[in-house]
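Enquirer: Starting off with a structure, shown below.
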Amino acid sequence: MTTLNHPSGTAGCISQYDPQALPVSAAQAIVLQWVTPLAASERVPLRHALARVLAEDVISPIDVPAHDNAAMDGYAFDGAALAAAGASGDGAPARLTLAVCGKAFAGHPYTGGVAAGTCVRIMTGAPMPAGCDTVVPQERVETHGEAITFDANAVTRGANARRKGEDLACGGVALAAGRLLRASDIGLLASLGLVEANVRRRLRVAYFSTGDELRSPGEPLDPGCIYDSNRYALGAMLQRLNVEPIDLGVVRDDPAALAATLKLAAETADVVLTSGGVSVGEADFTRTQLQALGDVSFWGLAMRPGRPLAFGRIWSGGRPGAGRAALLFGLPGNPVATMVSFYQIVRPALMAMAGASPQPVPLVPALCDQSIRKRPGRTEFQRGLARRDASGHWRVTPTGSQSSGALSTMSEANCFIVLAHEAGDLDAGDAVDIMLFDGLV
Ligand code: AMP
Ligand code: MG
């Protein structure tokens, strides 16, 4: 049985589980216990702040909107005139006639007074003139020279006006620390007049593939060899997470080369990802090297695909406690297992280390078109193609071979069909959860 000491010195919660059948949720929780969010932060211009993590709360320095303003093109007036005209709300006609005393445009306020019985022609976004609180839309009025007439029942007092500070109040928290900045957040920061954001520094993630059989795309494919796809898929997934990727290439199945690359990775990166070499029966030196350089456990996850996983810390000095430490994830070599392990185990850890507030990936309930054989006691992530049927329900079909080496069915899929740890066989038409690959990001 492997042990893994928590960096704080307290025993991790692993002791409750068989590390050769570790439930996915337990593995996720143990990994998160080990994560310390990055402390360093930097100020970046807004145009570079997308997908970065806010290092501190953003306090609104102004009211948004900065002034009461019109929400529609029309005529602004003192809404007290509505009741005076006999508006009752019961629909009985009550005509109100107002003389137009001026115009207000966005960026060009009307600064004069608005006497009783008068109104101001106003455009969307223009500041409400002093004494006015209501806008009657232009479609609702009849114009007669310099006057307008409308049914006082057609508007209520305060209608079609946006209040100062109704979106964001000056002094309030506009965005909280830990926010992973999205396009709307960048717009929101701009609406506060801010030119930059204080964000955590980007995580540095080193990654490499292991295996004598691997050739890089562009190289000739020698007999018995395959192209290294994991490094490219990992690089692409890391790109989506907006970390600073460090591609350390392919490392041969050679202890000295592996040790040298791991030390270099720990020297430069916060997190090190490897693929291959962690399955049972694999050349022993991979385990020996990882254990020699650090404090690494070899788990068997109760997950499919993606059972073997090495997790822990390695040190640049070549032994625990010497030099710089980096978190290590040794992912399985089979390409789909690499991706599933990344999404389920590595991704939440990278997000937490980057300082982002937890953002569980949404699960969507769906009906499965096919029966699926499933053994209770492990979580399965099958590749599926989901669509909404005419009645508005999500339906999902497995995309074919669920072999952990078949990238084509992963590529064809648009979701994972998540078969829960305790679930057994499924009949066609049964309910499942799906995890969609794409969303608005
Ligand atoms: P391993 O975990 O090293 O035993 O590898 C398991 C399977 O995944 C083997 O068939 C490997 O050839 C394959 N594999 C390992 N690394 C890669 C990689 N970087 N790209 C594509 N396939 C890989
Ligand atoms: Mg290998």
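Read left to right, the sequence shown gives residues 2 to 442 (this note's numbering). Ideal Cβ placement from N, Cα and C applies to all residues, glycine included.
1) Please report how far the alpha carbon of Pro-418 lies from the alpha carbon of Ser-280, in whole angstroms.
2) Return the residue from the list Cys-171, Val-174, Val-115 and Ala-100 that minimises the CA-CA distance to Ile-149.
3) Within this structure, are the beta carbons of Asp-69 and Ala-175 separated by less than 8 Å?
4) How many angstroms separate the CA atom of Asp-296 from the CA atom of Arg-314?
5) What are the uninterrupted segments assigned as alpha helix (DSSP H) that are 4 or more residues long and contained completely in the segment 317-401, given in chain order?
6) Using DSSP's beta-bridge definition, name the partner residues of Phe-312.
7) Output needed for Pro-128: all residues of its chain with C-beta closer than 6 Å, excluding positions within five of it in sequence on either side, in chain order.
8) Write down the C-beta distance between Ser-276 and Leu-235 rounded to the nearest angstrom, noting that I regard them as a contact closer than 8 Å.
9) Just tell me which of Gly-80, Val-196, Phe-209 and Val-121 has its CA closest to the CA of Asp-152.
10) Taking one C-beta from the segment 346-365 and one from the segment 38-56 each time, how about it: are there three or more such pairs within less than 8 Å?
11) By the three-class DSSP mapping on this structure, what secondary structure does Tyr-233 have?
12) Alpha carbon to alpha carbon, what distance is there between Ser-317 and Gly-324?
13) Bridge partners of Met-304, per DSSP?
14) Where does His-49 sit, in a helix, a strand or coil, going by DSSP?
15) I'd like to check one pair, Thr-211 with Gly-319: are the Cβ atoms closer than 8 Å?
16) Classify Ile-63 as helix, strand or coil using the three-state DSSP reduction.
17) Quick check: the Cα distance between Ser-89 and Asn-154, rounded to an integer number of angstroms?
18) Straight-line CA distance for Gln-290 to Asp-426?
19) Using DSSP's beta-bridge definition, name the partner residues of Val-44.
20) Is it true that the CB of Leu-294 sits closer than 8 Å to the CB of Ile-187?
21) DSSP beta-bridge partners for Ser-412?
22) Leaving out five residues on either side along the sequence, give the residues of the same chain with a beta carbon under 6 Å from the beta carbon of Met-238.
23) If we count the other Cβ atoms within 10 Å of its Cβ and call it buried at 16 or more, is Thr-380 buried or exposed?
24) Hey, how far is the Cα of Thr-400 from the Cα of Asp-428?
25) Hey, how far is the Cα of Lys-375 from the Cα of Val-251?
26) Using the Cβ count rule (16 or more neighbours within 10 Å means buried), how would you classify Gln-17?
27) On the three-state DSSP scale, how would you describe Pro-256?
28) Within its chain, find whatever has a CB closer than 8 Å to the CB of Ala-72; leave out the 5 residues flanking it on each side and keep chain order.
29) Looking at Ser-402 and the ligand AMP, is the gap between the Cβ and the nearest heavy atom below 7 Å?
30) Between Pro-221 and chain B, is any beta-carbon pair separated by less than 8 Å?
31) By how many angstroms is the C-alpha of Gln-403 removed from the C-alpha of Arg-388?
32) Just to confirm my understanding: we take Ala-266, look at its own chain, exclude 5 residues before and 5 after, and list those with CB closer than 7 Å. What are they?
33) For Asp-186, does the three-state DSSP call read helix, strand or coil?
34) Just grab the DSSP bridge partners of Cys-120 for me.
35) Would you kindly work out how many angstroms separate the C-alpha atoms of Thr-37 and Pro-221, rounded to a whole number?
36) Under a Cβ-count criterion, where at least 16 other Cβ atoms within 10 Å of its own Cβ denotes burial, should Asp-19 be classed as buried or exposed?
Expert: So, to answer that:
1) Sequence inspection shows Ile at residue 418; the Pro mentioned does not correspond to that position. Distance between the alpha carbons of Ile-418 and Ser-280: 24 Å.
2) Ala-100
3) no
4) 5 Å
5) 336-342 and 348-354
6) Ser-298 and Phe-330
7) His-68, Asn-70 and Pro-110
8) 7 Å
9) Gly-80
10) yes
11) helix
12) 5 Å
13) Thr-380
14) helix
15) no
16) coil
17) 7 Å
18) 40 Å
19) At residue 44 the sequence reads Arg, which differs from the Val that was named. Asn-199, per the DSSP bridge assignment.
20) no
21) Beta-bridge pairing links Ser-412 to no other residue.
22) Phe-343
23) buried
24) 17 Å
25) 35 Å
26) exposed
27) helix
28) Thr-125, Val-136, Asn-161, Ala-162 and Arg-163
29) no
30) Looking at the structure shown, chain B is missing, and only one protein chain is on hand.
31) 19 Å
32) Ala-207, Leu-249, Val-273 and Ala-327
33) helix
34) Val-101
35) 43 Å
36) exposed
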